[in-house]
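Each remark here refers to the structure printed beneath this line.
Residue numbers (the working numbering): 413 to 514.
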C-alpha cells in the first residue's frame, strides 16, 4: 500500500466503481428485478449505505473490480511485468525452439 493508497481513498474508488457499474452495465431497475426488490430500495442502498459499505470493504483490504477482470497476486503480476518487458526489448524475431541450431 502506498502512502496515497489509504483505506479512505480505496473506499472512494469502490463507491465510484459501484455507482458507475450500476449506471453503465445494468440499470438500477435491472438490478432491483434480479434481487427481487424495488428500484427505490436499490436507490436508497446506493445513496444511503454505499459509502459505509465501501469503507468496510476498503478497511478489510478488499477491492471491487469488473467481473471480466482476472486478479493475480502482486508477485505474479511482477513476474508478468518482467517477462513482458524482456519480450518488448527483443528487436529480432525469436528463433523457434524446434528449429535446428545451425
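We put the CB at the ideal spot given by N, CA and C, even for glycine.
When the Cα of residue 478 is compared with those of 499, 457, 428 and 440, which residue comes out closest? What you label residue 478 is simply residue 66 of the chain shown in a count that begins at 1. Answer by Cα proximity: 428.
**Asked** Taking just the CA atoms, how far does residue 493 sit from residue 499?
**Response** Reading the chain shown from its first residue, position 87 is the one you call residue 499. Reading the chain shown from its first residue, position 81 is the one you call residue 493. Going by the C-alpha atoms only, they are around 10 Å apart.
- Hey, residue 491 and residue 458 are a contact pair by Cβ (cut 8 Å); roughly how many whole angstroms apart? Walking along the chain shown from the start, residue 491 turns up at place 79. Walking along the chain shown from the start, residue 458 turns up at place 46. That pair is no contact at about 38 Å.
Kindly give me the distance between the Cβ atoms of residue 470 and residue 422, rounded to whole angstroms, as I take these residues to be in contact under 8 Å. In the chain shown, the residue the question calls residue 470 occupies position 58. In the chain shown, the residue the question calls residue 422 occupies position 10. Right, the Cβ-Cβ distance comes to about 4 Å (below 8 Å), so this counts as a contact.
Taking residue 423 as part of the alpha helix (DSSP H), name the residues at either end of that continuous run. As a first step, residue 423 must be located in the chain shown, where it is residue number 11. 419-436 is the span of the alpha helix (DSSP H), which, as asked, contains residue 423.
What number of angstroms, rounded off, separates the C-alpha of residue 446 from the C-alpha of residue 453? Walking along the chain shown from the start, residue 446 turns up at place 34. Walking along the chain shown from the start, residue 453 turns up at place 41. Rounded to whole angstroms, residue 446 to residue 453 spans 13 Å at the Cα level.
Query raised in the report: Hey, quick one: how far does the alpha helix (DSSP H) through residue 489 stretch, first residue to last?
Result: Here residue 489 refers to the residue found at position 77 of the chain shown. Its alpha helix (DSSP H) spans residues 486-501.
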